[in-house]
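**Q** Quick note on numbering: the sequence shown equals residues 22 to 456 in this note's numbering. Note that beta-carbon positions come from the ideal geometry of N, C-alpha and C, so glycine has one too.
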Amino acid sequence: MGLITAFRNILKIPELRARVLFTLAMLAVFRIGAHIPTPGIDGEALSKFLLERGGAVMGFFDIFTGGALSKVTIFALGVMPYISASIIFQLLTVVIPSLAKLAKEGEEGRKKITRYTRYATVVIAAIQGFGIAIGLESMGGGQFIQDPGWSFRFVTMITLTAGTAFLMWLGEQITEKGIGNGISLIIFAGIVARFPNACFYTYNLVRTGELSIFFVLILVAVMVGVVAGIIFIERGQRRIPIQYAKRVVGRKMYGGYTTYLPLKINSAGVIPPIFASSVLMFPATVAGFIAVPWVQALAKQLSPGSFLHIILYVGLIIFFTYFYTAVIYNPVEIAENLQKNGGYITGVRPGQKTSEYIYRVLSRLTFIGALYLSAVCVLPEILIAKFKVPFYFGGTSLLIAVGVALDTVSQIETHMISRSYEGFFKKFRIKGRKD
Numbered sequence: 022m023g024l025i026t027a028f029r030n031i032l033k034i035p036e037l038r039a040r041v042l043f044t045l046a047m048l049a050v051f052r053i054g055a056h057i058p059t060p061g062i063d064g065e066a067l068s069k070f071l072l073e074r075g076g077a078v079m080g081f082f083d084i085f086t087g088g089a090l091s092k093v094t095i096f097a098l099g100v101m102p103y104i105s106a107s108i109i110f111q112l113l114t115v116v117i118p119s120l121a122k123l124a125k126e127g128e129e130g131r132k133k134i135t136r137y138t139r140y141a142t143v144v145i146a147a148i149q150g151f152g153i154a155i156g157l158e159s160m161g162g163g164q165f166i167q168d169p170g171w172s173f174r175f176v177t178m179i180t181l182t183a184g185t186a187f188l189m190w191l192g193e194q195i196t197e198k199g200i201g202n203g204i205s206l207i208i209f210a211g212i213v214a215r216f217p218n219a220c221f222y223t224y225n226l227v228r229t230g231e232l233s234i235f236f237v238l239i240l241v242a243v244m245v246g247v248v249a250g251i252i253f254i255e256r257g258q259r260r261i262p263i264q265y266a267k268r269v270v271g272r273k274m275y276g277g278y279t280t281y282l283p284l285k286i287n288s289a290g291v292i293p294p295i296f297a298s299s300v301l302m303f304p305a306t307v308a309g310f311i312a313v314p315w316v317q318a319l320a321k322q323l324s325p326g327s328f329l330h331i332i333l334y335v336g337l338i339i340f341f342t343y344f345y346t347a348v349i350y351n352p353v354e355i356a357e358n359l360q361k362n363g364g365y366i367t368g369v370r371p372g373q374k375t376s377e378y379i380y381r382v383l384s385r386l387t388f389i390g391a392l393y394l395s396a397v398c399v400l401p402e403i404l405i406a407k408f409k410v411p412f413y414f415g416g417t418s419l420l421i422a423v424g425v426a427l428d429t430v431s432q433i434e435t436h437m438i439s440r441s442y443e444g445f446f447k448k449f450r451i452k453g454r455k456d
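Okay, structure coming up:
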């Protein structure tokens, strides 16, 4: 009854109701577009061919587009070019002083970097779209293409680039006028949209005797265990006690109380797996399209469950976990702010010693978080490859789905509580990654 009451309360708040309905409408537009075929392509026949030939690679990357990649619809590239562009500019912000200065200029600086990211997204999408067009012409002797040639390549490149640009705009609209992070919700919608098909396919396999009910129960138990572990770690924090000294300003006394500096075990959230998947997606997908023996061998090595894929995936997850945590937290800045406000960590001298202490604690937490992300994303793939599960299921998709759901519920909870309405949970509150 508590959840039903919470959903009713959402409808009672005009602003929140409008934001939720707007978000659902935009996600519906995304799902409709994911079924609109690219001109000049036999989508159904191509999808069957790609899933049979691409195997685990196609299944792994197809989850981020909600099935649009395997059918090469107008949203086949999804938001991955935008994520790739974001990765590039976040790395360049650290390396190039002018971009670093721009990032520190506040809202205007961030707007300029966002504009540059959009331009880079269009360029990356155009390159990927052109590569896919050439790959499609060489697949199956061109049987999936109605009229191969430069006109087809140009139309395909423009269509896929426009689809990615539209999704980028859609995500920004959701972030601004809806609820939650728009880009993450688009990926979330693509993952969730494939769940009913997976359930129906599994049911048919059990009905025909190709899959035992016992194995399905084990798989469900593994999924439930992974979800429980994700929720437990995502809510985990290391609270550093902060003591504020008493000080008198005029006739009033300030300070003299204790608070906490909460550091999450997984400060980077779902960003590292998404970034790592984006980096691995393009070469693996293109390699799968090119009918050259050594390229096909490379594509096989990059397939989920292979040794090379696991090593690259874990390495990229660990790198992006540390990188994104460093972007979020600046120990020197935190220590300076504490010192300015008369705060200090018990037993630690203010200033440089405080920043060193925070950095040491944050490094250890980030290491644990990186191992957790790697385990959640890779271990299910190893089990799938070993036990030959006939459909793709991985910890990456669960991690993204659960993480985005927690963040979105947290934002809805904040809206409801700020207006004196009871949230989804009475005894505790879900805390977002930025809390």
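DSSP on G211, reduced to helix/strand/coil?
**A** Reduced to three states, the DSSP call for G211 is helix.
**Q** Can you grab the Cα-Cα spacing for the pair F165 / I204, in whole Å?
**A** 31 Å
**Q** Measure the C-alpha to C-alpha separation of P262 and K374 and round it to an integer number of angstroms.
**A** 15 Å
**Q** With DSSP as the reference, please indicate the residues paired to Y265 in a beta bridge.
**A** G364
**Q** Could you tell me whether any non-hydrogen atom of the ligand FAD is closer than 8 Å to the CB of E129?
**A** Looking for the ligand FAD in the displayed structure turns up nothing, as the structure carries no ligands at all.
**Q** Please state whether the Cβ-Cβ distance between G153 and A242 is less than 9 Å.
**A** According to the sequence shown, residue 153 is Ile rather than Gly. No, the Cβ-Cβ distance between I153 and A242 is not below 9 Å.
**Q** Take A183 and list the residues in its own chain whose beta-carbon comes closer than 8 Å to its own, dropping the five residues that flank it on each side.
**A** Taking C-beta separations shorter than 8 Å and ignoring five residues to either side along the sequence, the partners of A183 in its chain run I95, following chain order.
**Q** If you follow the beta strand (DSSP E) that T280 is part of, which residue opens it and which one closes it?
**A** T279 to K285
**Q** Three-state secondary structure (DSSP) at Q258?
**A** strand
**Q** Does DSSP put P371 in a helix, a strand or coil?
**A** If DSSP states are grouped into helix, strand and coil, P371 belongs with coil.
**Q** State the beta-bridge partners of P58 as determined by DSSP.
**A** T94
**Q** Using a threshold of 9 Å, state whether the C-beta atoms of T185 and T142 are closer than that.
**A** yes
**Q** What's the C-alpha gap between T114 and F344?
**A** 12 Å
**Q** Helix, strand or coil, according to DSSP, for I34 in the structure here?
**A** coil
**Q** How about I349 and L282: do their beta carbons lie closer than 9 Å?
**A** no
**Q** What does the Cβ neighbour count give for A249, buried or exposed, with the cut at 16 atoms within 10 Å?
**A** With fewer than 16 other CB atoms across the displayed protein chains lying within 10 angstroms of its CB, A249 is exposed.
**Q** For a quick check, are the C-beta atoms of G201 and I195 less than 9 Å apart?
**A** Taking 9 Å as the Cβ cut-off, G201 and I195 qualify as a contacting pair.
**Q** Where does G220 land, buried or exposed, given buried means 16+ other C-beta within 10 angstroms?
**A** Note on residue identity: the sequence assigns Cys, not Gly, to residue 220. It counts as exposed.
**Q** Determine contact between the region 284-293 and the region 386-398, defined as no fewer than three beta-carbon pairs at a distance below 8 Å.
**A** yes
**Q** Under three-state DSSP, which class holds I338?
**A** If DSSP states are grouped into helix, strand and coil, I338 belongs with the helices.
**Q** In the DSSP assignment, find the alpha helix (DSSP H) that holds Q149 and state where it starts and stops.
**A** E128 to S159 is the span of the alpha helix (DSSP H), which, as asked, contains Q149.
**Q** My understanding is that L329 touches L323, with C-beta atoms under 8 Å, so please give their C-beta distance in whole angstroms.
**A** 6 Å
**Q** I104 and S299: beta carbons closer than 9 Å?
**A** yes
**Q** So, at 7 Å on beta carbons, what are the nonlocal neighbours of I179 in its own chain, with the 5 sequence-adjacent residues on each side left out?
**A** none
**Q** On a CA-only basis, which of L42, S107 and K33 is nearest A297? Give me that one, please.
**A** S107
**Q** Starting from P102, trace the alpha helix (DSSP H) both ways and give me its first and last residue.
**A** M101 to V116
**Q** Considering only C-alpha positions, which residue in the set S376, L123, I239 and C398 is nearest to I332?
**A** C398
**Q** Taking the straight line between their C-alpha atoms, what separation do you get for I53 and K92?
**A** 13 Å
**Q** With a Cβ-Cβ cutoff of 9 Å, do T342 and L383 count as a contact?
**A** no
**Q** Suppose you measure from the CA of A89 to the CA of I421; what does that come to, to the nearest Å?
**A** 18 Å
**Q** Whose C-alpha, out of T429, L226 and N358, is nearest the C-alpha of G372?
**A** N358
**Q** Can you give me the Cβ contacts of I234 inside the same chain, cut-off strictly under 8 Å, excluding the 5 residues immediately before and after it?
**A** V227
**Q** At the 9 Å Cβ level, is A146 part of the contact set with chain B, yes or no?
**A** Here chain B cannot be found, since the structure has a single protein chain.
**Q** Evaluate K198 with the Cβ neighbour count: other Cβ atoms within 10 Å of its Cβ, from every protein chain shown; 16 or more gives buried, anything less gives exposed.
**A** When all chains shown are included, K198 counts as exposed.
**Q** Check this for me: beta carbons of F51 and L191, under 9 Å apart or not?
**A** Yes, these two residues count as a Cβ contact at 9 Å.
**Q** Between the alpha carbons of L240 and A66, how many angstroms are there, rounded?
**A** 30 Å
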